[in-house]
Amino acid sequence: MNIRTYSFSVLLVALLPFAVCSELDELVKEGQGINPSVQAAKYRMEQMLLKHYELSEFFDPSLFAALGRADTARNLPLQTGYTSLTNNSTELQAGVEVSVEPGAYVSAGAAQRILEDEEGYGDLYQTMFGVKVRIPLLRDRGFKDLSLKKAMAMAEYNAATGAMLGATQSVRHTIELAYISAYENLSSYRIAQEATKRFQNLHNEAIELSKMKVVPDFQTFQTKMDLQVGLEDEENARIKFEESLLVLAKAIGVTRNLALKGNPDEMFAIQKVEDLQEVAKEAAFEARGEYIQCKANLQYARTQVESADEEQNDSLDLNFGITAQGEHETHPFGMEKLVTDRRVGGEVTLVWKRSLDYRGANTRRARYEARIKEVQELLKEIEIGISNEIATARLNYKAAMKRLDLVSQGIEAAKQNLAAEQERFRLGETTSSIVTDAQKNLTTILRRQASAAADLMRARANFNYATGYREDSNTKETKVKE
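Numbering (this note's numbering), first residue to last: 9 to 490.
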């Protein structure tokens, strides 16, 4: 009997490294393009980018207008919420305010008033145009608040970018592991099919030998039972393979039926397996999405502390402006000097303000500092986790290589033992159960070879993931233009 075995597990070794496997590359590319978790992270990153850009509204001009009448009005300090009108008049005023670099607020406006019971005139029309400038000298100097908001928005964007990278890396890792498992289960299925063929051939041969009175009839009972068990093993292997394809489809983010393209007959030669490369832990940290995200969160918290410090600064504003004013007895927009002795006027004012207590700001600062400590501990946890992943991957990789070497040496011995037992069975010198035991031993060691090869690939996949797929262009940072 010719012993023909599909050492399909060799395919798993031949696929190393992943870069040579176009099928896997296509699946990873598809998954990274359509997987819902990646897409969700992409849209989160887009939100943070738009949040950064929306801060440019700070420089949008604002229009204001007021219409009203004042009678014996008395202004008080710190009154807010409305525009003060000229006393004993009906007034319409409007203007535009805009923020300008490097840190000033400029407003230009006009007002038209009807002064009531003006001495010597009765009602009198008054027109005024003017420009005013406010420059923060302490708090918010140079638009410090805007700079802090931009820094926080940038940190949020960088965190979202890290999360996006982490999601992409996680999806790739999941697809790779699902892909390996699919081929491992396909290997197990093919091995089960070949085992069933051997059981069937042995059963047929036992029937023929019993007819020839070389072996007793009861020798066919064992072969019949082993054949049925083999068929059941084959069916289980088929189901597991189909389930692994469903798992792979889920990892990619599709619902269609997948099919593996690999042909084991073309990949039987075991390729040389190289050791894992040396990668500095610091480089691995910086390549991982969750580490980048955590560092961005740390920067955000530090900027929050800076913002709390800015809150506690006194407010000191320099205000200055120039106005032109005139009157007319009969119609608006006149610029005669009737009650106005000078048409052009100006002002310069320093306005100081400070809080009498900083309970809120101090509490916020303490909360932000606690957040910094929290993120620093999370950063340490990520570093420990990545270091452990790298060490575990190296350990499993070496173990899998050793196992693969040991098992591969035992396959030839299992084949020779089976061939010898089959020949003895034909001569009537042994029983069918001994032959089936030899067949089972061959099947077991072939499956062990497949398992070792799959574990070898899994270890490499885990190592590549742990080190952040540093060969990929995906690890390049995306920066926002100011």
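Glycine included, each C-beta is placed from N, C-alpha and C at the ideal position. Since this is a predicted model, take the numbers as computed values, not measurements.
Could you check where the alpha helix (DSSP H) with Met136 kicks off and where it finishes? Per DSSP, Met136 belongs to no alpha helix (DSSP H); it is in the beta strand (DSSP E), Gly130 to Pro144.
On the DSSP bridge assignment, give the partners of Leu100 in chain order. Leu75 and Gln120
Would you kindly check if the distance between the Cβ of Gly354 and the Cβ of Ile390 is under 9 Å? no
So, for Arg180: in the same chain, excluding its five sequence neighbours on each side, which residues have a beta-carbon less than 6 Å away from its beta-carbon? Val36
Could you compute how far the alpha carbon of Ser97 sits from the alpha carbon of Leu145? 35 Å
Burial state of Tyr138 (16 or more Cβ within 10 Å): First, the amino acid is wrong: residue 138 is Gly here, not Tyr. By the neighbour-count rule (16 or more Cβ atoms within 10 Å), Gly138 is buried.
By DSSP's criteria, Asn327 is part of a beta bridge. Which residues make up the other side? Arg142 and Thr357
Please name the residue or residues paired with Tyr113 in a DSSP beta bridge. Ser107 and Arg142
Using the Cβ count rule (16 or more neighbours within 10 Å means buried), how would you classify Val443? buried
Under a Cβ-count criterion, where at least 16 other Cβ atoms within 10 Å of its own Cβ denotes burial, should Ser70 be classed as buried or exposed? exposed
Contact check, Ile394 vs Ala245 under 8 Å by CB: the rounded distance? Incorrect: roughly 36 Å between the Cβ atoms, too far for contact.
Note down, in chain order, each residue of its chain lying with its Cβ closer than 6 Å to the Cβ of Arg362, except the 5 sequence neighbours on either side. Asp322
Flag this pair as yes or no: are the beta carbons of Tyr405 and Ala316 separated by less than 9 Å? no
Leaving out the 5 sequence neighbours to the left and right, which residues in its chain are closer than 6 Å to Ala73 when beta-carbon positions are compared? Ala102
Helix, strand or coil: how does DSSP classify His336 here? strand
Please determine, among Phe341, Phe328, Phe67 and Thr357, the residue with the shortest C-alpha to C-alpha distance to Phe151. Phe67
What first and last residue would you give for the alpha helix (DSSP H) that runs through Tyr187? Lys152 to Lys219
Among residues of its own chain, excluding the 5 on either side of Ala257, which ones have a beta-carbon nearer than 6 Å to its beta-carbon? Leu266
Relative to the C-alpha of Ser252, which candidate in Met160, Leu346 and Ala186 has its C-alpha closest? Ala186
Contiguous alpha helix (DSSP H) assignments of at least 4 residues, all confined to the segment 428-477: 440-474
DSSP on Glu251, reduced to helix/strand/coil? helix
Output needed for Leu326: all residues of its chain with C-beta closer than 7 Å, excluding positions within five of it in sequence on either side, in chain order. Ile143, Leu145 and Leu358
Does DSSP put Ser64 in a helix, in a strand, or in coil? helix
Length of the line joining the Cα atoms of Gly111 and Gln320: 19 Å
Identify which residue in Ala467, Ile453 and Ser178 has its Cα closest to the Cα of Ser195. Ile453
Three or more C-beta pairs closer than 8 Å, one from the segment 198-210 and one from the segment 233-243: is that the case here? yes
Whose CA, out of Glu431, Asp463, Ser440 and Leu386, lies closest to the CA of Asp413? Asp463
Using three-state DSSP, classify Val415 as helix, strand or coil. helix
In terms of alpha-carbon separation, which member of Lys59, Met136, Val255 and Tyr61 lies closest to Thr6? Because the chain spans 9 through 490 in this model, residue 6 falls outside it and cannot be assessed.
Would you identify the three-state DSSP class for Ser70, choosing helix, strand or coil? strand
Using the C-alpha atoms, what's the distance from Tyr191 back to Asn470? 17 Å
Counting along the chain, where does the alpha helix (DSSP H) carrying Gln301 start and finish? Gly297 to Glu319
Buried or exposed by the 16-neighbour rule on C-beta atoms within 10 Å, applied to Phe433: buried
Output the boundary residues of the alpha helix (DSSP H) element that contains Gln40. Ser30 to Ile42
Helix, strand or coil at Val352 according to DSSP, with G and I counted as helix: strand
Are the CB atoms of Leu387 and Lys303 within a distance shorter than 9 Å? yes
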